[in-house]
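Heads up: the structure comes next, in structure tokens.
2 protein chains.
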Amino acid sequence: MTLFTRTLHLSVRLIRVQARGSTQIHCKYSKKTANIIDGKKISAEIKAEVKKEIDQWVGQGHRRPCLIAILVGEDPASQKYVENKMIACKAVGIESKTIRLADTTEESVLLTQIDKLNQDSNVDGILVQLPVPEHICEKKVMNAVDPQKDVDGFHTINVGKLMANADTFVPATALGVIELIKRYNIPTFGKNIVICGRSKNVGLPMALLLHSDAKYELPGHEATVTLCHRHTPPEELEFFAKRADIIISATGVVNLIKPQMIKPGACVIDVGINRITTEEGKTKLVGDVDFEGVSKVAGYITPVPGGVGPMTVAMLMFNTLKAAKQLVNNNN
Amino acid sequence: MTLFTRTLHLSVRLIRVQARGSTQIHCKYSKKTANIIDGKKISAEIKAEVKKEIDQWVGQGHRRPCLIAILVGEDPASQKYVENKMIACKAVGIESKTIRLADTTEESVLLTQIDKLNQDSNVDGILVQLPVPEHICEKKVMNAVDPQKDVDGFHTINVGKLMANADTFVPATALGVIELIKRYNIPTFGKNIVICGRSKNVGLPMALLLHSDAKYELPGHEATVTLCHRHTPPEELEFFAKRADIIISATGVVNLIKPQMIKPGACVIDVGINRITTEEGKTKLVGDVDFEGVSKVAGYITPVPGGVGPMTVAMLMFNTLKAAKQLVNNNN
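As you go down the protein sequences, you meet chains A and B in turn. If you read the first sequence in full-length UniProt numbering, its first letter stands for residue 1, the second for the next number, and so on. If you read the second sequence in full-length UniProt numbering, its first letter stands for residue 1, the second for the next number, and so on.
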């Protein structure tokens, strides 16, 4: 995007000020101008593509892909997440089942259950909904899933492959963010990307995919990436953010990303999902970004809800289809 | 380090210029001022520590740690590297052997050889000197080594563990750089670090260790990390470098890091090893950093040679001792 088209796009009023011997450009924004990145729409598109591919796959004589979720305990949020995954499976034509275990389930029982699913040639994808109860070792559970059925991409081998840019299951939320960037044609080559949040399943996988070489088996996106986190001083975050062509925030800190931190025209992707109480006493979902303010400066922005959120489930469907195809191909 | 001590340390001449309503400080450097980070000295210290620990270990009735290097082909540089590793083994009391294979060796023969060493309970560490001839798949070879004996830290499982900040073998050069930073008490918490070069065995492992949380099993160093590479435009590299408290360059690009890119007092670590021909026609080893110029601005700098170089072999010794102890502990 040239400066000219970007300027048009932002509908900014430019005031040229001749000062200190150099020409400076001040921008004044009068209304909300950023393009909304519509995660709901893209997620629907991806699910439609997956459905079409599954129909072809089944048409070729293969059985339907099958995803099994294991839910340990009664956490309402986890129940809701798993339910949404099952609904998506149904919509795209993936067989699915949720195995519900009591929150007192012993680790060994869970591991035995996982192993049974590993052995079951009718199962393509296995996911254990996190968090698991405290008496169960999360890492052990993640590594118990057959790496070929690990559609969440949490197994150490898949994590290692991701770091090597080898073909693997990329964790769904990180993959969803990348897909939004790709489908909105946001340039990344040689661009500056700031990632706020260094979680092992969102922030870090994005950093790995966005900074790396496009020539790998799992292609990278050739950006200069700055990884910021809770110990990045606010003035440093602002310094990096102001230079960023893309800012991705995945911190759970409400209003972390403010308008004065945004380079005009930048792309702002909000992975945060925070439940706040409004002045009227209502609860409301918001992200990490001051949407109202930032959307007056940014060129592209994801809303919350309806931005990154719907992408996670869509990419899980994508990963499950991939697992099904690979299992058949590896056995041939 | 406070501004005051840093100012003293740099022996700078400060000229206060009242301009544009604000006080600005201009620094003029008259001589080479940076502290030299002496990799030769630190490497000797680490080898002495490893030797002492091995003596105690053997004193407790254990056999000496044992490292086997496999060298395929006749590449002179590789021969020299392996030779240096063997010399270091001898110095610290590690049993060692180099298995030399012809450059026509078939992949399957190499894999069988590796498997034999995997099974050999008298072998603690196995390294295959890279590069291997083109007809051999490097990735397959790396993943053939038992992860518990993978003292180079190249196996996918060890790479995955590194990404998760789980205890593992950190690739020796990256570990060496971290060790230099630690032993010179260079602060990293909340600091800005620029890493130039995104290689999977140097740049990327450093980024993972430097940005991450200190509370993990493999503790991170809590810095804000910017990963730059060949597609980072020069003006962007300069922008990030000028703000960096630590710059680490591992690119093989001579004179990539210039004095005007350095924040006064910053720490500059040069992983590059480049052979150049001087005007007098002599060959000379230099790094990525304009040492002459940068050392007038930086607070700390590694020379080439004698900086990061000697650390690699020292950390390989460290990893081999670690492998030996873990194999005994895991079998108990």
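All C-beta atoms, glycine included, are put in the ideal place defined by N, C-alpha and C. On a predicted model such as this, the values are computed, not experimentally measured, just so you know.
- Short of 7 Å from the beta carbon of L327 (chain A), and not among the five residues preceding or following it, lie these beta carbons of its own chain, in chain order: D124, Q148.
- DSSP assignment within the segment 86-143 of chain A yields the following whole beta strand (DSSP E) runs of 3 residues or more, N-terminal first: 95-101, 125-128.
- A distance below 8 Å separates the beta carbons of V170 (chain B) and G153 (chain B).
- Across the segment 224-241 of chain B, CB contacts with chain A closer than 9 Å involve T224, V225, T226, L227, C228, H229, R230, H231, T232, P233, E236, L237, F239, F240, in sequence order along the chain.
- Considering only beta carbons, the part of the segment 140-169 of chain B lying closer than 7 Å to chain A consists of T156, I157, V159, G160, K161, M163, A164, in chain order.
- The Cβ neighbour count for K140 (chain A), taken over all protein chains shown within 10 Å, is under 16; the residue is labelled exposed.
- Beta-bridge pairing by DSSP links V268 (chain B) to B:I247, B:I301.
- Excluding sequence positions up to five before and after M315 (chain A), its CB lies within less than 6 Å of the CB of A172, L175, G176, all in the same chain and listed in chain order.
- Beta-bridge annotation (DSSP): A69 (chain A) is paired with A:T98, A:L127.
- Contact between V254 (chain B) and I273 (chain B) fails: their C-beta atoms lie close to 11 Å from each other, not under 8 Å.
- Distance from the CA atom of A223 (chain A) to the CA atom of L210 (chain A), rounded to whole angstroms, is 6 Å.
- Exposed is the label assigned to Q119 (chain B), since fewer than 16 other Cβ atoms lie within 10 Å of its Cβ.
- Taking 8 Å as the CB threshold, N192 (chain A) lines the interface with chain B.
- At least 8 Å separates the CB of L256 (chain B) from every CB of chain A.
- Separation of N143 (chain B) and K116 (chain B) (C-alpha to C-alpha, rounded to the nearest whole angstrom) is 14 Å.
- For R198 (chain A), same chain residues with a beta-carbon under 7 Å away, outside a window of 5 residues either side, are L204, L227, H229 in chain order.
- Straight-line spacing of the CA atoms in D146 (chain B) and S121 (chain B) works out to 12 Å.
- When 7 Å is used as the limit between beta carbons, S212 (chain A) is near these residues of chain B: R198, in chain order.
- DSSP places L285 (chain A) in the strand class (E or B) of the three-state scheme.
- V313 (chain B) is positioned such that its CB atom lies no closer than 8 Å to that of A34 (chain B).
- Taking a beta-carbon distance threshold of 8 Å, F291 (chain B) does not count as an interface residue toward chain A.
- A:Y184 is the residue among A:K47, A:Y184, A:T283 whose C-alpha sits nearest the C-alpha of I301 (chain A).
- P133 (chain B) and V159 (chain A) have their alpha carbons spaced roughly 28 Å apart.
- When DSSP states are grouped into helix, strand and coil, R230 (chain B) belongs to the coil group.
- At a Cβ-Cβ threshold of 8 Å, L180 (chain A) and I247 (chain A) do not count as neighbours.
- Beta-bridge partners of R275 (chain B) (DSSP): B:L285.
- Here the C-alpha atom of E236 (chain B) lies approximately 12 Å from the C-alpha atom of C196 (chain B).
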